[in-house]
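Heads up: the sequence lines are chains A and B, in that order.
Letter by letter, the first sequence follows residues -1 to 158 of my numbering.
Letter by letter, the second sequence follows residues 7 to 666 of my numbering.
Structure, as structure tokens:
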Amino acid sequence: MGPYQLFATFAIIALIVFSTPSVAVEPNEVLPDAAQEARARDLSQHLRCLVCQNQSIDDSNAPLARDFRRLLRERIKAGDTDRAAVDFIVARYGNFVLLKPPFQIGTLLLWFGPGLVLLLALACYWMLIRRPFGTTARRPETLSAAEREELQAIMTKGTS
Amino acid sequence: MVAEIGQFALILALSLALAQSIVPLIGTHLGDLKLMNFGSSAAIGQMLFLIVAFAALVASYVMSDFSVLNVAENSNSAMPMIYKVTATWGNHEGSMLLWVLILALFGGAVAIFGDNLPVSLKARALAVQGMVGLGFLAFILFTSNPFTRLDPAALDGQDLNPLLQDIGLAIHPPFLYLGYVGFSMAFSFSVAALMEGKVDASWARWVRPWVLAAWCFLTIGITLGSFWAYYELGWGGWWFWDPVENASFMPWLTGTALLHSALVVERRQALVNWTILLGILTFSLSLIGTFLVRSGVLTSVHSFAVDPARGVFILGLIVLTTGGALALYAYRAPSFKQGTPFGPVSRESSLVLNNVLLVSAAATVFIGTFYPLLIEAISSDKISVGPPFYNLTFVPMMIPLLVVMAVGPMLKWKRDAIRNALTKLMRPAIIAGLAAAAIVIATFGVHAIAAICLGLAIWVIAASLAILVHRVRLGQVPFATSVHLAQITPRSVYGLVIAHAGIGIAVAGMTAMSAWQQEEIRALPVGGQIEVGGYQVMLKSVGPENGPNYVAERAVFDIKSDGQLVTTLFSERRFYQVRRFQTTEAGIHTNLISNVYVAMGEKNNNNEWTVRAYYHPLATWIWFGPMIMALGGFVSLSDRRFRVGAPRRAQPAFALAPAE
Chain A
-1 MGPYQLFATF AIIALIVFST PSVAVEPNEV LPDAAQEARA RDLSQHLRCL
49 VCQNQSIDDS NAPLARDFRR LLRERIKAGD TDRAAVDFIV ARYGNFVLLK
99 PPFQIGTLLL WFGPGLVLLL ALACYWMLIR RPFGTTARRP ETLSAAEREE
149 LQAIMTKGTS
Chain B
7 MVAEIGQFAL ILALSLALAQ SIVPLIGTHL GDLKLMNFGS SAAIGQMLFL
57 IVAFAALVAS YVMSDFSVLN VAENSNSAMP MIYKVTATWG NHEGSMLLWV
107 LILALFGGAV AIFGDNLPVS LKARALAVQG MVGLGFLAFI LFTSNPFTRL
157 DPAALDGQDL NPLLQDIGLA IHPPFLYLGY VGFSMAFSFS VAALMEGKVD
207 ASWARWVRPW VLAAWCFLTI GITLGSFWAY YELGWGGWWF WDPVENASFM
257 PWLTGTALLH SALVVERRQA LVNWTILLGI LTFSLSLIGT FLVRSGVLTS
307 VHSFAVDPAR GVFILGLIVL TTGGALALYA YRAPSFKQGT PFGPVSRESS
357 LVLNNVLLVS AAATVFIGTF YPLLIEAISS DKISVGPPFY NLTFVPMMIP
407 LLVVMAVGPM LKWKRDAIRN ALTKLMRPAI IAGLAAAAIV IATFGVHAIA
457 AICLGLAIWV IAASLAILVH RVRLGQVPFA TSVHLAQITP RSVYGLVIAH
507 AGIGIAVAGM TAMSAWQQEE IRALPVGGQI EVGGYQVMLK SVGPENGPNY
557 VAERAVFDIK SDGQLVTTLF SERRFYQVRR FQTTEAGIHT NLISNVYVAM
607 GEKNNNNEWT VRAYYHPLAT WIWFGPMIMA LGGFVSLSDR RFRVGAPRRA
657 QPAFALAPAE
């Protein structure tokens, strides 16, 4: 495929309206208010289904996930803000339900760890490329006396 | 009888592994050539006995010998033959046997093809390989014996996990293991080099093809797993940042780094210490991957083998191998000579930057995977680390990596000016910029990040092709000369171009899938229709369907575009009676640009079925891209430098004329 066809392809795809992926939501769960439903969908992608591990309640078709989705929608219908609705669930089931771990003292290393590693690695990189280029220190060392003797021995053996 | 032959072969392999890990080392110590060469004989013997053991297990499965506990637990007489065979490694014991078999195959390959290796290096590498084999053979024989008998024999087997009764997942583990275990070569050669106390260009030239082959297989293995998740789990997801996925992804990331740093060792004899360390780390991460999957320490959808005793055993093996190797490294590495220096803008420099980003990315995945364990250990709190975490930490590291990928190959070794590289990348950048701009305008800026990522992906593809264009001086010299130049261009250059373009294709697919997929979920009566991504999906009929070891409900869908029938798709809900397990088979139509994905759900009281229909733009590219990358790896492997038996070239230039 040439760049122009590629370009055309992307342009076509780009025309399609953005939407979020999901799976397990059943038709009868959907809230009548589209704005509220969109909020519910967004929030449920960040909440974990407790019984199926590493799947959001939006992805999971486990009964527990369904209960969570209903609970979340009830809170939204009752007029909770996003934060209040999530807090309601976290208060009952703990931080474990959050797929995005909370930012607190215990998770500082989790959130800053990757950045620290990257900074450290970049610092090493910086030191490496700042090494003096072509200075005497980096010249191949001259042979030691022992090595010179060994070389001499090899050379004479080779020619004799 | 067959099982006993297998058991006996396993014990013999263990004995040979023991001898293989000791005798060659005594040989190198005494300078005894015969003892050193014993390593090769032992490695070949170990390989042959493990082939016998594995064949015995496959035979037990093929014959449905339910007097073997492992067969009774994981097979069933009604299963199709292909799944009877693949069930051999669709369980803990069998897959560990496959693991050591592949380890022994690699060891045997060194013994057979390693004639041009220095004798002592070969002896030491095989001894290390023997030690790893010894550990895992002991693990199998003492904690996970696949040949344990069942008395009285079962009347029929308990069937294979239905999720694994699928061709994609059936061939996924062998590829994954070829990758994981292939990195053992990097490990063995690194430790052997530490014992030798010297590393030179020929060392890198010897290790690189093995690492490259392992990397290709691991790439294919991960891709198969992702593709399987897409079509089998029924919701079109392709990557979940699940601990088990992460387990295979970490060695892939460091393995990719190793591949590139070994290049610097081979060409410039720099980064020697670092490359050795990467070799050790990559295999250690493979072992950790095995530990994660096999111990069930991190709960995940994959953990079909959960047993703490086994976990402790593997953990002990990891501590011994990694700890031992790192101790040796700390002791020996400082004495290695520093390589030739290079300028801040140079090929070497870009490859180091590649390593910086890849290793940081691997560390990010590592932190994310193990942090929940850490938190649980030090407090009563439990946390989850899911996709939102990786989107904020891992993905941003990949963006500069793509830039390095496009610029790096344009730079000269040793020293270059950034302007030279950028001039060559001008045209690719213009194409990419225009495409990205068009997308931003077309979407009214709805998805700026997606536009940037797409632009980068296109740039990487175009920049990779530009390498070839510049190499053959297309348009600057007569066409015939260009053709000639293309013919004499080494295959490794083609490999680079193909593999890098593959990354670009994969990134484009991932971006489009994350930003622009569409879904429709509706309860449909027969004859009902939903519209998604310009396609009309009509539920034509629903009826029963009987498989060999399952019953199913099958929905037939007509897919139309502008009223014209495009295709007919089936989606099934299968129920496997023996395991009492339900799976969903999705119907997928692809024209390579986009997929229509249909999955049926439950029936409600109004005689309607839940139907999920998705439009997945560029979805296939997510898997085509990595497959193209692996292809690039294989093309590079066929380069004459790596070919077995190819005449060895004269020493590379830098050995004759030391730099500076």
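We put the beta carbon where it would ideally sit given N, CA and C, even for glycine.
Just so you know, these numbers come straight off a predicted model, no measurement behind them.
S254/B - containing beta strand (DSSP E), residue span: As a working note, residue 254/B is residue 248 in the second sequence. Judged by DSSP secondary structure, S254/B falls outside any beta strand (DSSP E) and instead within the alpha helix (DSSP H) spanning P249 to R274.
Whole-angstrom distance between F112/B and L36/B, CA atom to CA atom: Residue 36/B sits at position 30 when you count from the first residue of the second sequence. Residue 112/B sits at position 106 when you count from the first residue of the second sequence. In this structure, the straight-line span from the alpha carbon of L36/B to that of F112/B is close to 27 Å.
Short CB-CB distance (under 9 Å) between L298/B and chain A: What you label residue 298/B is simply residue 292 of the second sequence in a count that begins at 1. Taking Cβ atoms only, chain A never reaches closer than 9 Å to L298/B, which makes this a no.
Under the three-state DSSP convention, the category W244/B falls into: Start at 1 with the first residue of the second sequence, and residue 244/B comes out as number 238. It is coil, neither helix nor strand.
Check whether Q43/A and D57/A have beta carbons under 9 Å apart: Working through the first sequence from its first residue, we reach residue 43/A at position 45. Working through the first sequence from its first residue, we reach residue 57/A at position 59. Using a Cβ distance threshold of 9 Å, Q43/A and D57/A count as a contacting pair.
Range of the contiguous alpha helix (DSSP H) that encloses D85/A: Translated into positions along the first sequence, residue 85/A becomes position 87. It spans D80 to Y91 - the alpha helix (DSSP H) in which D85/A sits, taken as one unbroken run.
Cβ separation of Q164/B and V584/B, assumed to be a contact under 8 Å, to the nearest whole Å: Numbered from its first residue, the second sequence carries residue 164/B at position 158. Numbered from its first residue, the second sequence carries residue 584/B at position 578. The pair is a contact, with the Cβ atoms about 6 Å apart (cut-off 8 Å).
Below-9 Å beta-carbon distance, R136/A vs any chain B residue: Mapped onto the first sequence, residue 136/A falls at position 138. Residue placement at R136/A is poorly supported in this model, since its pLDDT is 45, which falls under 50; the coordinates still yield a value, given next. So yes, R136/A belongs to the interface.
For V604/B, the residue or residues it bridges with in DSSP: Here residue 604/B refers to the residue found at position 598 of the second sequence. Per DSSP, G593/B and A619/B.
Minimum Cβ-Cβ distance from A369/B to chain A less than 9 Å: Here residue 369/B is taken as the residue at index 363 of the second sequence, counted from 1. Output row for A369/B: interface = yes.
Boundaries (first-last residue) of the beta strand (DSSP E) holding V557/B: For the purposes of this step, residue 557/B is taken as the residue at position 551 of the second sequence. Note, V557/B: beta strand (DSSP E), V557 to S567.
Within the segment 470 to 525 of chain B, ranges of the alpha helix (DSSP H) (whole runs, at least 4 residues): Fully enclosed alpha helix (DSSP H) runs of 4 or longer: 485 to 494 and 497 to 522.
Under the three-state DSSP convention, the category L398/B falls into: Numbered from its first residue, the second sequence carries residue 398/B at position 392. Assignment of L398/B by DSSP, reduced to helix, strand and coil, places it in the helix class.
Local Cβ density within 10 Å of I103/A, reported as buried at 16 or more and exposed below that: Start at 1 with the first residue of the first sequence, and residue 103/A comes out as number 105. Here I103/A is exposed, its C-beta having fewer than 16 other C-beta atoms within 10 Å.
Sequence-distant residues of the same chain with beta carbon closer than 7 Å to L13/A, five excluded per side: Within the first sequence, numbered from 1, the residue matching residue 13/A stands at position 15. Low confidence applies here, because L13/A scores a pLDDT of 32, under 50, leaving its location unreliable; read the following figure in that light. Closer than 7 Å at Cβ, skipping near neighbours: no residue.
Touching by the beta-carbon criterion (3+ pairs, under 8 Å), the segment 285 to 296 of chain B and the segment 381 to 390 of chain B: Cβ pair count under 8 Å is below three, so no.
Pairwise C-alpha distance: L224/B and S707/B: There is no way to answer for residue 707/B, as the model of chain B reaches only from 7 to 666.
Per-residue DSSP class, three states only, for Q53/A: In the first sequence, counting from the first residue as 1, residue 53/A sits at position 55. Q53/A falls in the coil class under three-state DSSP.
Whole-angstrom distance between Q523/B and S543/B, CA atom to CA atom: Along the second sequence, one-based indexing puts residue 543/B at 537. Along the second sequence, one-based indexing puts residue 523/B at 517. It should be pointed out that residue 543/B corresponds to Val in this sequence rather than to Ser. Using only the alpha carbons, I get a separation of about 16 Å.
L239/B to E591/B span [Cα, whole Å]: Here residue 239/B corresponds to residue number 233 of the second sequence, with the count starting at 1. Here residue 591/B corresponds to residue number 585 of the second sequence, with the count starting at 1. Each residue's alpha carbon lies about 8 Å from the other.
Own chain residues within Cβ distance below 7 Å of Y237/B, not counting five before or after: As a position in the second sequence, residue 237/B is number 231, starting the count at 1. Excluding sequence positions up to five before and after Y237/B, its CB lies within less than 7 Å of the CB of A592 and I594, all in the same chain and listed in chain order.
Inter-residue CB distance, G501/B and V410/B (contact presumed, cutoff 8 Å): In the second sequence, residue 501/B corresponds to position 495, counting from 1. In the second sequence, residue 410/B corresponds to position 404, counting from 1. Contact doesn't hold; Cβ gap of about 18 Å is too wide.
Coil, strand or helix - A23/B by DSSP: As a working note, residue 23/B is residue 17 in the second sequence. Note: A23/B maps to helix in three-state DSSP.
Given P152/B as reference, the closest of E537/B, T296/B, G12/B and I57/B once Cα atoms are compared: Counting from one through the second sequence, the residue named residue 152/B turns up at place 146. With distances taken between Cα atoms, P152/B lies closest to G12/B.
As assigned by DSSP and simplified to three states, the class of R155/B: Position 149 of the second sequence holds residue 155/B. If DSSP states are grouped into helix, strand and coil, R155/B belongs with the strands.
is_contact[M7/B, chain A] using C-beta, thresh 9 Å: Here residue 7/B refers to the residue found at position 1 of the second sequence. Residue contact check for M7/B against chain A: no CB pair falls below 9 Å.
K388/B in three-state terms, based on DSSP: One-based indexing of the second sequence puts residue 388/B at position 382. In the three-state reduction of the DSSP assignment, K388/B falls in the coil class, being assigned neither a helical nor a strand state.
Cβ neighbour criterion (16 or more within 10 Å) applied to P30/B: Within the second sequence, the letter at position 24 stands for residue 30/B. Per the 10 Å Cβ criterion, buried.
Same chain only: Cβ atoms within 7 Å of P531/B, ignoring 5 sequence neighbours per side: Locating residue 531/B in the second sequence gives position 525, where the first residue counts as 1. N613 and E614, listed in sequence order.
K609/B - partner residues in DSSP beta bridges: As a position in the second sequence, residue 609/B is number 603, starting the count at 1. Beta-bridge pairing by DSSP links K609/B to W615/B.
Beta carbon proximity, R528/B to chain A, threshold 9 Å: Your numbering for residue 528/B matches position 522 in the second sequence. At least one chain A Cβ lies under 9 Å of R528/B.
Euclidean distance between Cα positions of I494/B and R316/B: On the second sequence, residue 494/B is found 488 positions in, with the first residue counted as 1. On the second sequence, residue 316/B is found 310 positions in, with the first residue counted as 1. Our two residues, I494/B and R316/B, have alpha carbons roughly 53 Å apart in a direct line.
N- and C-terminal bounds of the alpha helix (DSSP H) containing K546/B: As a position in the second sequence, residue 546/B is number 540, starting the count at 1. Per DSSP, K546/B belongs to no alpha helix (DSSP H); it is in the beta strand (DSSP E), Y541 to N552.
9 Å Cβ cutoff, L126/A in contact with chain B: Residue numbering aside, residue 126/A sits at position 128 when the first sequence is read from its first letter. Taking Cβ atoms only, chain B reaches closer than 9 Å to L126/A, which makes this a yes.
Distance, I527/B Cα to V23/A Cα: Mapped onto the first sequence, residue 23/A falls at position 25. Mapped onto the second sequence, residue 527/B falls at position 521. Counting only the Cα atoms, I527/B lies some 8 Å from V23/A.
Alpha-carbon to alpha-carbon, A263/B and A143/A: Numbered from 1 along the first sequence, position 145 holds the residue referred to as residue 143/A. Numbered from 1 along the second sequence, position 257 holds the residue referred to as residue 263/B. Spanning the two alpha carbons is a distance of roughly 39 Å.
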